[in-house]
Structures are given as C-alpha cells and as structure tokens.
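Numbering (the working numbering), first residue to last: -2 to 712. As structure tokens, the structure follows; a few thoughts come after it.
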C-alpha cells in the first residue's frame, strides 16, 4: 500500500489555485480566486461583489476586492473536503499578499518578520516562495491518514514556482509530451494572450477572465502531477512541494549526506571568511562585435563529485601552501593586470578610501563602493581555498601570493558524499534521448544541491523555542544596537556546510580564472562562463560533467556586468536572432533596443518604459513609511540601468568625454596590501534569511515581476 503522501497511480489529487486582480477606484484589488484539480473533478471560484472597505488610517488598508476571510474560508473549505489533496499555486506571493489585505498593521508587521500571525480566529503562516498556510485552531486537531496530527480546519498552498523557474507560459510550453491533450495545449496560446493583456482586464468579459483562470489552474495541476510522479519514479518522495530544493533535500537525506558533515576543527571565523560567491566582471563596456561564449556544464555539481567527507577530517595549522591537500589559507595579492586573482569583502575604511573625491584623478573614475561589497581587487588579504591558490600561484608565481596563515585538512576516510552526482548526470543524458520526464527532475535536483549546502534559509527554532522568543531577541538587538545572536534559539538546516559551499564556489572560480589567465582574450566572466574575443583552442565539449559548452555571438554589446545584447544563430530558423542577458530588471521594461539607443546617443543610463510597474510585496511594504498605502499595489518602477561598471572602474571619467569611444576599458581596484577581508555574515532572522534566495524569473508574467523585489540579502 502506498504511503498517503505518494502520487503515483491513483494517489492523492492535486488542486491548483490562482487569483486575478484589477484596478478599482485607483487601487489594485483582488477580484477572483479559483481552483481546479488535475482530474477534472473540481472547479470552484469566488468573485468580488463590488463591495468597498475604506480601511482605518494607520490600522488597515483600503480593500476594494475580496475580503481576507472569504479567501481564507475558500482555501480551508477546499482542504476540508479532501484533506489528502495537495494544494499548489504558481508564484503565489502576489496572491498571498492580496489575500492578507484586511489584516491590521501589527499583524502584517508580525507576519513579515516572523512568517506567522494570528488574527480573528485564523492562524496565518506565510513563507514567500515556499508556502501559504491558513488554519483555525479553535476547531481542534485530528489524526490524519499519514499518522500526523493537524488542525481540523487547515490548508497549505505550496508555491510551485521553484520547480519551473520561468514564466508560467514558458513552463507550459516546456512541459513534456503526453501531459496535456491537444485541446489543453491549445489553451496555452489563450493564456499567453491574457497574460499580455492583464492591464486591460477592466475592458474584458468576466466570463472570459474566469475561463482563463480555470485554464491556468487546471493545467498547473497537471504539470505538478507530472513533476511529482517523475520524482517518485526516481525513488524520491519529498514531503514538501516548494520546488527543486525540496527534491535536493530528499536526495541528500536518502543518501545520508548530513552524516558526512563536520567542521574538521576549523573555526567558524575562518570558514565564513573563506566563503565567497560567483564572479561577475567585465573588462570593457560598449561595442565588442564578435564574441565566443564558453560555459562549464553543471559547474558546481562537477566540483561536488570530488568533495571530501568532513565527518572524519581534522585540520592542522601550516605556514605555507601544501600542494595536493585540501586546505584554506590567508593570502595576499601582490599582483597587477586586467584580472585580479582573488575576491575580497571590503570594510568601511576601504570603501570610503576608494570613493571620496580626493582619491579621484583626471585619469581615473571610481564608482562609490559599499561596506561588505565583494570585489576582485589587487592587494589585500583574504582566506581562500586550495584550488584558487594553486591556480594563482601557477600563473603569478609564489612570490606574488604570500601565505600568512593556513590550515590543511587531513581526510580520514575515502568517502565521497556526492559521488552519486556523476551517475545522476550520466543517467539524465540517457533519459533525455528517451524523452523521459525524469531527466528534468534530475536537472532540478543536481542544480539545487549546492544551494542546500550554502543555505541560510531554513533555520528552525530549537525545542521549546517559539517564534515570539526569536522576535523578542531581534527587537532587543535592534533597540539596544547590540549584535544579534540567535545561536541559542535556532539551529541551522541539517544540510548546511559552509566548508563544502566554499570549496564549491572556489573550485569553480579557480577553473574559470585558469582559463581567463591562460587565454588572454577573455573580456567578461559570469560565475561559470566567460566571453572571449577570440576562439579558445583545446576546449572540447564531449557533453560530460564539467566540460565546456560553446556559443558564438555576433554584434555583442556589453552594457554592465551580466547585462549584454548579442545575436546567436538559431538552428530552427537558420538565422541570427537578437538576444539579451539581464540582471535586476525585466527585458520587457528595458528592451535591447532601448539599451542600444541609449548607448548610441551617448547616454550613461536608461530608464524603464513609462508604463513599467512593479508589485510591492509585504516585506518591502513593511519597511516603508506608508506600508498600508503601498502593500499589494503596482507602482511605477523607474530605477534606471546605468553603464558604469560595478566592482571595477573606468580608466577615464566618462562624463568628461566629448565623444565616447565604441568600447571603454575597465580595470580592477587596487587595495593596500594590509587591507583585511571581512567575513561572510550568515543571516539569522526570518526577516533576513527569507530573502536570501531572491527572486527568479524572466518577467513575462505580471505576477512573476519583482518590485526591486523584497531585496536580496547581500553580505
């Protein structure tokens, strides 16, 4: 007999929910909430009755749409009718914020800070991009079929966006054959049309909007069954359904990965100081022309395959580099050139020294720097792992990279915790040939493993500790201006291992840097890929884990780190097609044509379209002075993209030029040799850690758009 939470065969039913909104009397209102299942057995909805709630100034916001209670009861009734059903949604943050419109400000502040609040007999649990839960404790508890005790009136809507990480329309189009009927697949075009015209719903027939919403939820329910069933075909049975990280966590637990975690006797100070993320830099901004892009196939998983067991490892202090051993070292950088070798997290003094006017000269223009900003700069001291140090010493020589302190790891066993990743990668290649849906599950799984080792999200209260205890500690630290320490109240995720995380990112940076320094023609780097002005010989692609993929670019223009436009050859059409890479904004709001026109006109920035809007989510609203006015509203978004590079500086003041050259070179910062790197500071509060994962999406759907979205946590 299958366990109650399994979905293979005649397992649990999946119900998808989604809502729609419209502008009413100058405010955006939530006017429709619908649900449908994957079997065609359920079609339910509630619609706005044109009532208005003016709100109480300073207490509740105006609500011209569905009431919170009506939405809560709709979800609770769905779950009560069939408690074993799985409720899912796609990018539910928008809906959750609108559903909570009637909550008083103190409850909204509590919900934003602690992810939980109680109001008028309802308990609301909301973890953005994970789930939205509603329950009524007054009705008591019951024992369910899976042996767990739950509230009689309880519903949890899992946010499925993390499985697809694209717009809803793209997710539908990418769904494998056999999931949808021909009639259902024909609905995708109508869904895409309605997505494009959501700002004009007030001019559309209500019945058409309702059928559009039903189409969305019924197809989402089927997509989710396909994902979950293929996950179970892999022998994986997650108990959470918020995306690829849930699959990765299940695989790690099944393979006993937490049993291999340890600190090898290293202090948290050293481990955190040696942890840096990916590298984003460009040596120029402007017209490049021909470009050759090389990317590492599954870069992080390729490093993970050879990670050591830390449960049986010890460390010993050394005064110099020990080749061939895992180790972490405090090193300097007496280097120069287009590429600085190591990252460094600058302190307040270094940031000020390279920002103040007296430090500028006629031949140098500097962008203001921020404390804790990560740069790749010449000079300074930082802790790095062995892979980067070995590569840099080979290219620059040992004299240029002094070692001031270090620890090597003595590995006491031959365990390779992530050795199974290689088989997963190979299996996926075979499954792709068979058009087997399990290949997508493997892709999600493999690409999420690194995140589970590095995650700060997922800290849980220790036994006997409540969310209120944590919030009181947070408030006390803020009011007394004392450091926040929650170590006695919460425990980290059991898959967190910042030693592994540091080795993974360091190993990837090392492989990229080796190519950058060897080729001599690299002009841009983005984590696991580079762009070169010339073909780089010797980089064969056999489609193996860690091999290099290649793509040729025409008409390449680089505007900023990670922001560039180019043409790539399309095999289907046989033509060169315009494409754009963006970071921090939607290509629908700032198009490639807008970027090109601004550059050609000699401008140094470009603003979004006049009608570009962003949704104000709960956490961002609660940090503003007018939270009740802006929460859940679509506001004009005018943050421009400028062409001044970050993390490097131009060699000339761009505003002093009479005529801008086609391409402007950039150079690394140079720091004093004794500048010490700051450590990575793990995020501990719910308010911080819930934002660490950030927002992923391409902005094709309004409900996927960020509004400078609940800011990413940066350290």
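Backbone N, C-alpha and C fix where the C-beta goes; we use that ideal spot for every residue, glycine too.
As the crow flies, the alpha-carbon of residue 306 is around 44 Å from that of residue 15. When DSSP states are grouped into helix, strand and coil, residue 281 belongs to the strand group. In the DSSP assignment, residue 19 falls within the unbroken beta strand (DSSP E) covering 11 to 21. Between residue 308 and residue 256, the CB-CB gap stays under 8 Å. Under the 8 Å Cβ criterion, the region 545 to 562 counts as touching the region 276 to 290, having at least three qualifying pairs.
Residue environment analysis places residue 622 among the exposed positions, since fewer than 16 neighbouring C-beta atoms fall within 10 angstroms of its C-beta.
In the DSSP assignment, residue 324 falls within the beta strand (DSSP E) that extends over 324 to 328. By DSSP's assignment, residue 292 forms a beta bridge with 526 and 546. Three or more Cβ pairs drawn from the region 599 to 607 and the region 632 to 640 lie within less than 8 Å of each other, which places the two stretches in contact. Within a 10 Å sphere around the beta-carbon of residue 420 sit fewer than 16 other beta-carbons, which makes this residue exposed.
The region 617 to 681 contains, as complete beta strand (DSSP E) runs of 3+ residues, the segments 631 to 633 and 660 to 664 (chain order). As the crow flies, the alpha-carbon of residue 435 is around 11 Å from that of residue 233. A direct Cα-to-Cα measurement between residue 206 and residue 197 gives close to 11 Å.
Counting only unbroken stretches of 3 or more residues, the beta strand (DSSP E) elements lying wholly within the region 347 to 426 are 371 to 373, 379 to 382 and 400 to 408, in sequence order. C-alpha of residue 624 to C-alpha of residue 618: approximately 5 Å in a straight line. Sequence-distant partners of residue 495 (beyond 5 residues in either direction) whose C-beta falls short of 6 Å from its own C-beta, in its chain, are 268 and 272.
Secondary structure of residue 311 (DSSP, three-state): strand. Residue 429 carries a helical assignment under DSSP once its states are collapsed to helix, strand and coil. Pairing residue 236 with residue 9, the inter-Cα distance amounts to about 13 Å. Pairing residue 452 with residue 486 gives a Cβ-Cβ distance that is not under 8 Å. With a contact defined as Cβ atoms closer than 8 Å, residue 676 and residue 270 qualify at about 4 Å. Of the candidates 520, 62, 596 and 538, the residue whose Cα lies closest to the Cα of residue 656 is 596.
Under the three-state reduction of DSSP output, residue 554 falls in the strand class.
In the DSSP assignment, residue 218 falls within the alpha helix (DSSP H) that extends over 203 to 230. Straight-line measurement puts the Cα of residue 577 at about 14 Å from the Cα of residue 528.
DSSP, read as helix, strand or coil, puts residue 136 in helix. Using a Cβ distance threshold of 8 Å, residue 18 and residue 31 do not count as a contacting pair. The three-state secondary structure of residue 570, taken from DSSP, is coil.
By the Cβ-count criterion, residue 190 is exposed, with fewer than 16 other Cβ atoms from all chains shown falling within 10 Å of its own Cβ. The three-state secondary structure of residue 170, taken from DSSP, is helix. Distance from the CA atom of residue 626 to the CA atom of residue 56, rounded to whole angstroms, is 11 Å. One thing to note: residue 167 has its Cβ no nearer than 8 Å to the Cβ of residue 130. Here the region 333 to 348 lies against the region 368 to 382, with 3 or more beta-carbon pairs under 8 Å apart. Secondary structure at residue 270: helix, using DSSP grouped into helix, strand and coil. When DSSP states are grouped into helix, strand and coil, residue 260 belongs to the coil group. Taking a 10 Å sphere around the C-beta of residue 51, we find fewer than 16 other C-beta atoms and assign the residue as exposed.
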